[in-house]
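For the sequence shown, position 5 matches number 3 in the numbering used here, and the numbering has no gaps at all. Each residue gets a CB set at the ideal place from its N, CA and C atoms; glycine is no exception.
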Amino acid sequence: MQLSTAQQLNCEIIVNAEQTGQTNLSVFKTLERSLNEFVNQTTWTDQNFQNHERINCSMFITINSFEGENFNGTIQVQSSRPIYGTSLISPVFNFNDEQFSFSYREYQPLNYSQNTFSSNLISVVSFYVYTILGMDADTFSPDGGTAYFEEANRIVTNAQQGNSQGWTGADGQRSRFRLNADLLANTYAEYRTALYKYHRLGLDVMHEDILTGKMLVAEAINDLEVMNNRRNNSLLLRTFLDAKADEITSIYSAGPPVNDREELIESLNNIAPRYARNWRNIQ
-1 MQLSTAQQLN CEIIVNAEQT GQTNLSVFKT LERSLNEFVN QTTWTDQNFQ NHERINCSMF
59 ITINSFEGEN FNGTIQVQSS RPIYGTSLIS PVFNFNDEQF SFSYREYQPL NYSQNTFSSN
119 LISVVSFYVY TILGMDADTF SPDGGTAYFE EANRIVTNAQ QGNSQGWTGA DGQRSRFRLN
179 ADLLANTYAE YRTALYKYHR LGLDVMHEDI LTGKMLVAEA INDLEVMNNR RNNSLLLRTF
239 LDAKADEITS IYSAGPPVND REELIESLNN IAPRYARNWR NIQ
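This is the structure in structure tokens:
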């Protein structure tokens, strides 16, 4: 990918090394600066984004330990998108990846190549860039993110040669492999349908017709319940509610009530009982 002025992301990347007890080492600030330049100055897609269309996102990297040029930690990834006709933003993606280890030599260049594996650091960060792009696109058009998820899948395949955790089916139910495979699987198609219905048909119309918007958000939640009845407590469902639980509570805690309030609460308790405290606040 070439550097360009047509960036797609407005991404804040923070590297936190407090766990190491050596936060003053220059390598951590160099890494943070290089990652911010890499993500924000790389052209990830041939789609033209205006400045106001750039996707707001963040990556919070916690370094737990390191030895020489080898680092171990976690990466928390979040993204959001604006709600049409308002000054509000809506969280779209919130994911904590605990399978993050990489090698990094201070000042080494960071560049993404579509067909080759260069380092686990570049692969992990690029994987989340394309996942963010895909989820954002899905909120604006039905299955709009497919090409981005397929690019993320190429990263999964190429990164397997690096033998780092998170890239294979053997790496558990919260791995990058599982996240990407589920996004592309028909078994979880309702998740992507819900992203579009919830945001474009629901949130984006609320400035004109709040009740219709609420009803469409409720329909999106019903779609997720259908998916949950097929595959209970899936990674994608947990990812959706981790981003959306507080927002859903806010939507239904004020303004005109929906007619099927009890049915909505029952659906939410069915798909996300661990947020039962949130759902009790729905009026």
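- Message: Looking at residue 72: is its Cβ nearer than 8 Å to the Cβ of residue 98?
- Response: Along the sequence shown, one-based indexing puts residue 72 at 74. Along the sequence shown, one-based indexing puts residue 98 at 100. With contacts defined by Cβ atoms closer than 8 Å, residue 72 and residue 98 form a contacting pair.
- Can you grab the Cα-Cα spacing for the pair residue 276 / residue 240, in whole Å? Counted from its first residue, the sequence shown places residue 276 at position 278. Counted from its first residue, the sequence shown places residue 240 at position 242. Their backbone Cα atoms lie some 12 Å apart in a straight line.
- Item | Stretch-stretch touch, CB-based, cutoff 8 Å, three pairs: the stretch 164 to 173 with the stretch 36 to 56 | The stretch 164 to 173 and the stretch 36 to 56 do not touch, with fewer than 3 CB-CB distances between them shorter than 8 Å.
- Item | Within the stretch 77 to 142, ranges of the alpha helix (DSSP H) (whole runs, at least 4 residues) | Qualifying alpha helix (DSSP H) stretches, in chain order: 118 to 138.
- Task: Would you give the residue range spanned by the alpha helix (DSSP H) that residue 248 belongs to?
- Result: Here the question's residue 248 lines up with position 250 in the sequence shown. Counting along the chain, the alpha helix (DSSP H) containing residue 248 begins and ends at 233 to 249.
- Message: As a quick exercise: from 253, 245 and 227, pick the residue whose alpha carbon is nearest that of residue 265.
- Response: Taking the sequence shown and counting its residues from 1, the one referred to as residue 265 is at position 267. For residue 265, the closest C-alpha among the options 253, 245 and 227 is that of 227.
- Could you tell me whether the Cβ atoms of residue 57 and residue 110 are closer together than 8 Å? As a first step, residue 57 must be located in the sequence shown, where it is residue number 59. As a first step, residue 110 must be located in the sequence shown, where it is residue number 112. Cβ atoms of residue 57 and residue 110: not closer than 8 Å.
- Query: What residues in its chain sit with their C-beta under 7 Å from that of residue 105, if we drop five residues either side in the sequence?
  - Reply: Taking the first residue of the sequence shown as 1, we reach residue 105 at position 107. Excluding sequence neighbours, residue 105 sits near 28.
- Message: Looking at the strands, I want to know which residues DSSP matches up with residue 56.
- Response: As a working note, residue 56 is residue 58 in the sequence shown. Partner(s): 10 and 76.
- Task: May I ask you to report which of helix, strand or coil DSSP gives residue 279?
- Result: For the purposes of this step, residue 279 is taken as the residue at position 281 of the sequence shown. Looking at residue 279 - three-state DSSP - the assignment turns out to be coil, as it is neither helix nor strand.
- Message: Is it buried or exposed, residue 258, if we count other Cβ atoms within 10 angstroms and call 16 or more buried?
- Response: Position 260 of the sequence shown, counted from the first residue, corresponds to residue 258. The residue in question, residue 258, is exposed, as its Cβ has fewer than 16 Cβ neighbours within 10 Å.
- Query: Leaving out the 5 sequence neighbours to the left and right, which residues in its chain are closer than 7 Å to residue 223 when beta-carbon positions are compared?
  - Reply: Looking up residue 223 in the sequence shown gives position 225. The residues are 265, 268 and 269.
- Within the stretch 190 to 220, ranges of the beta strand (DSSP E) (whole runs, at least 3 residues): Runs of the beta strand (DSSP E) inside the stretch 190 to 220: none found.
- Any idea which residues DSSP pairs residue 32 with across the strands? The residue you call residue 32 lines up with position 34 of the sequence shown. In the DSSP output, where bridge partners are listed per residue, residue 32 has none listed.
- Task: Quick one: residues in its chain with C-beta nearer than 6 Å to the C-beta of residue 47, no 5 flanking neighbours on either side, listed in chain order?
- Result: Walking along the sequence shown from the start, residue 47 turns up at place 49. Correct list, in chain order: 6.
- Item | Same chain, Cβ closer than 8 Å to residue 188, neighbours up to 5 away in sequence not counted | Residue 188 sits at position 190 when you count from the first residue of the sequence shown. Correct list, in chain order: 221, 222, 224 and 225.
- Query: With a CB to CB cut of under 8 Å and the five nearest residues on each side skipped, what residues in its chain are close to residue 262?
  - Reply: The residue given as residue 262 occupies position 264 in the sequence shown. Within the same chain, residue 262 has close Cβ partners 216, 219, 250, 256 and 280.
- Item | Cβ-based neighbour list, residue 30, same chain, cut-off 7 Å, excluding 5 preceding and 5 following | In the sequence shown, counting from the first residue as 1, residue 30 sits at position 32. The beta carbon of residue 30 sits closer than 7 Å to those of 11, 12 and 13, all from its chain and outside the five residues before and after it, given in chain order.
- Which same chain residues, not among the five before or five after residue 181, have their C-beta less than 6 Å away from its C-beta? Here residue 181 refers to the residue found at position 183 of the sequence shown. Cβ neighbours of residue 181 beyond the five flanking positions: 147.
- Item | With 16 other Cβ atoms within 10 Å as the buried cut-off, status of residue 79 | Translated into positions along the sequence shown, residue 79 becomes position 81. Burial call: buried.
- Item | Exposure of residue 87, with buried meaning 16 or more beta-carbon neighbours within 10 Å | Reading the sequence shown from its first residue, position 89 is the one you call residue 87. Exposed, because fewer than 16 other Cβ atoms sit within 10 Å of the Cβ of residue 87.
- Message: Pop quiz: residue 201 and residue 133 are said to be a contact at Cβ under 8 Å. What is the actual Cβ separation, rounded to whole angstroms?
- Response: Locating residue 201 in the sequence shown gives position 203, where the first residue counts as 1. Locating residue 133 in the sequence shown gives position 135, where the first residue counts as 1. Not really, about 14 Å apart at Cβ, beyond 8 Å.
- Query: Which of helix, strand or coil does DSSP assign to residue 70?
  - Reply: Within the sequence shown, the letter at position 72 stands for residue 70. If DSSP states are grouped into helix, strand and coil, residue 70 belongs with the strands.
- From the DSSP output, in three-state form, read off residue 147 for me. Here residue 147 corresponds to residue number 149 of the sequence shown, with the count starting at 1. DSSP, reduced to helix, strand and coil, places residue 147 within a helical segment of the structure shown.
- Message: In the DSSP assignment, the alpha helix (DSSP H) including residue 179 goes from what residue to what residue?
- Response: Numbered from its first residue, the sequence shown carries residue 179 at position 181. 174 to 181 is the extent of the alpha helix (DSSP H) around residue 179.
- Item | Through-space distance from residue 18 to residue 184, alpha-carbon basis | Within the sequence shown, the letter at position 186 stands for residue 184. Within the sequence shown, the letter at position 20 stands for residue 18. Each residue's alpha carbon lies about 42 Å from the other.
- Item | Cβ neighbours of residue 69 in the same chain (closer than 7 Å, five flanking residues each side left out) | Within the sequence shown, numbered from 1, the residue matching residue 69 stands at position 71. Closer than 7 Å at the Cβ level, and outside the excluded window around residue 69, lie 61, 99, 100 and 102.
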